[in-house]
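Peer 1: Input: one structure, supplied below.
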Amino acid sequence: MAKRGRGRRGRRGSPVWRVLKGVLLFGVAAIVLSVLWVAAHAFIPVGPTSLMMLRAHQGQTIERRWVRIEDVSPYLVTAVIAAEDTKFCAHPGFDVENIKKAIEEAKAGRRMRGASTLSQQTAKNVFLWPGRGWVRKGLEVWFTGLEELFWSKRRILEVYLNVAEWGDGNFGAEAAAKARFGKTARELNKGEAALLAAVLPNPAKWRVDPPGPYVRSRAGTLRARMDTVRAQGLDGCVLSEL
Numbered sequence: 556m557a558k559r560g561r562g563r564r565g566r567r568g569s570p571v572w573r574v575l576k577g578v579l580l581f582g583v584a585a586i587v588l589s590v591l592w593v594a595a596h597a598f599i600p601v602g603p604t605s606l607m608m609l610r611a612h613q614g615q616t617i618e619r620r621w622v623r624i625e626d627v628s629p630y631l632v633t634a635v636i637a638a639e640d641t642k643f644c645a646h647p648g649f650d651v652e653n654i655k656k657a658i659e660e661a662k663a664g665r666r667m668r669g670a671s672t673l674s675q676q677t678a679k680n681v682f683l684w685p686g687r688g689w690v691r692k693g694l695e696v697w698f699t700g701l702e703e704l705f706w707s708k709r710r711i712l713e714v715y716l717n718v719a720e721w722g723d724g725n726f727g728a729e730a731a732a733k734a735r736f737g738k739t740a741r742e743l744n745k746g747e748a749a750l751l752a753a754v755l756p757n758p759a760k761w762r763v764d765p766p767g768p769y770v771r772s773r774a775g776t777l778r779a780r781m782d783t784v785r786a787q788g789l790d791g792c793v794l795s796e797l
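According to our numbering, the residues represented by the sequence shown are 556 to 797, in order.
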């Protein structure tokens with residue numbers, strides 16, 4: 556019996572055991588800290604994101620001012636949902652149907668299109684870094700799940716609207732509205748909101764001032780889609796509380 560006890564103690568004191576124990580403890584600590592990190596941001600404003608720091612490193616002057624979602628035009632709320640994620644109020648963070656379609660199109664040899672929801676984009680912007688890769692994508696899934704667990708849909712969109720990039724170092728709806736239209740985010744009209752939402756997929760390339768033919772066309776499509784979103788209550792999880 557004594558020999559078996561010493562054997563167990565010996566295994567537990569081995570270098571391999573110590574490494575496994577360290578990995579386990581690190582994993583548990585990472586999980587606990589990530590949960591606390593996300594839960595805390597259900598109430599407190601989000602600080603500078605990794606993309607903001609990257610743009611500052613590239614020489615841009617970062618303009619950003621946090622505003623409550625009550626101080627953002629309802630037109631912009633509707634426009635962003637219409638442009639980026641019409642199922643935002645219905646899905647649990649992931650649009651499974653859209654993901655399946657994107658995978659099928661990629662298998663058929665077509666260009667891989669984005670299938671990220673607003674929840675996923677918010678998780679990526681706030682908690683992760685720019686770029687691609689399976690590690691980052693896996694972490695995006697984890698943080699998106701935590702967001703949906705601890706945050707309301709209204710909070711998710713509020714954070715998104717405060718960290719989204721709108722080009723030339725402007726982050727968030729308030730900075731974008733001031734830079735592009737000389738007014739506050741609350742004062743944006745329907746056409747201005749559609750223009751801002753139209754450039755979200757590529758704000759470094761597409762311009763609002765002045766908009767090119769493609770942006771004008773996309774904004775026109777969005778204005779019509781905004782009417783559908785409003786009529787069908789697809790933005791109700793946000794605007795019903797404002």
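Note that beta-carbon positions come from the ideal geometry of N, C-alpha and C, so glycine has one too. Just so you know, these numbers come straight off a predicted model, no measurement behind them.
#1: For K738, collect the residues of the same chain with a Cβ closer than 6 Å to its Cβ; drop the 5 residues on either side in sequence, then sort them by chain order.
#2: Distance, Cα to Cα, R778 vs F736?
#3: Quick one: which unbroken beta strand (DSSP E) runs of 3-plus residues sit fully inside the stretch 721 to 769? Chain order, please.
#4: On the DSSP bridge list, what partners appear for E618?
#5: Straight-line CA distance for Q787 to T641?
#6: Can you give me the start and stop residues for the alpha helix (DSSP H) that I624 sits inside?
#7: Using DSSP with H/G/I as helix, E/B as strand and the rest coil, what is V601?
#8: Which of the three DSSP states, helix, strand or coil, is assigned to L579?
#9: If I measure Cβ to Cβ from I654 and keep anything under 8 Å in the same chain, skipping five residues before and after, which residues do I get?
#10: Mapping DSSP to helix, strand and coil, what is G688?
#11: Looking at the structure shown, is C792 part of a helix, part of a strand, or coil, going by DSSP?
#12: Go to L712, then tell me how far its alpha helix (DSSP H) extends in each direction, as first and last residue.
#13: Return the CA-CA distance between V632 and W572, expressed in angstroms with no decimal places.
#14: Could you give the distance in angstroms between the alpha-carbon of A634 and the alpha-carbon of L794?
Peer 2: Quick answer:
#1: As a working mapping, residue 738 is identified with position 183 in the sequence shown. Taken in chain order, the residues that qualify are A732.
#2: Translated into positions along the sequence shown, residue 778 becomes position 223. Translated into positions along the sequence shown, residue 736 becomes position 181. About 18 Å.
#3: none
#4: Start at 1 with the first residue of the sequence shown, and residue 618 comes out as number 63. Note: E618 sits in a beta bridge opposite N725.
#5: Taking the first residue of the sequence shown as 1, we reach residue 787 at position 232. Taking the first residue of the sequence shown as 1, we reach residue 641 at position 86. C-alpha separation (whole angstroms): 10 Å.
#6: Here residue 624 refers to the residue found at position 69 when the sequence shown is read from its first residue. From DSSP, I624 is part of no alpha helix (DSSP H); its letter is neither H nor E.
#7: Here residue 601 is taken as the residue at index 46 of the sequence shown, counted from 1. Three-state DSSP puts V601 in coil, outside helix and strand.
#8: Within the sequence shown, residue 579 is the residue found at index 24, counting from 1. Three-state result, L579: helix.
#9: Here residue 654 is taken as the residue at index 99 of the sequence shown, counted from 1. Same-chain partners within the cutoff: A670.
#10: The count along the sequence shown starts at 1 and reaches residue 688 at position 133. Of the three classes helix, strand and coil, the one that applies to G688 here is coil, per DSSP.
#11: Indexing the sequence shown from 1 puts residue 792 at position 237. If DSSP states are grouped into helix, strand and coil, C792 belongs with the helices.
#12: Counted from its first residue, the sequence shown places residue 712 at position 157. It spans 708 to 718 - the alpha helix (DSSP H) in which L712 sits, taken as one unbroken run.
#13: Translated into the one-based positions of the sequence shown, residue 632 becomes position 77. Translated into the one-based positions of the sequence shown, residue 572 becomes position 17. V632 and W572: Cα-Cα distance of roughly 52 Å.
#14: Your numbering for residue 634 matches position 79 in the sequence shown. Your numbering for residue 794 matches position 239 in the sequence shown. About 12 Å.
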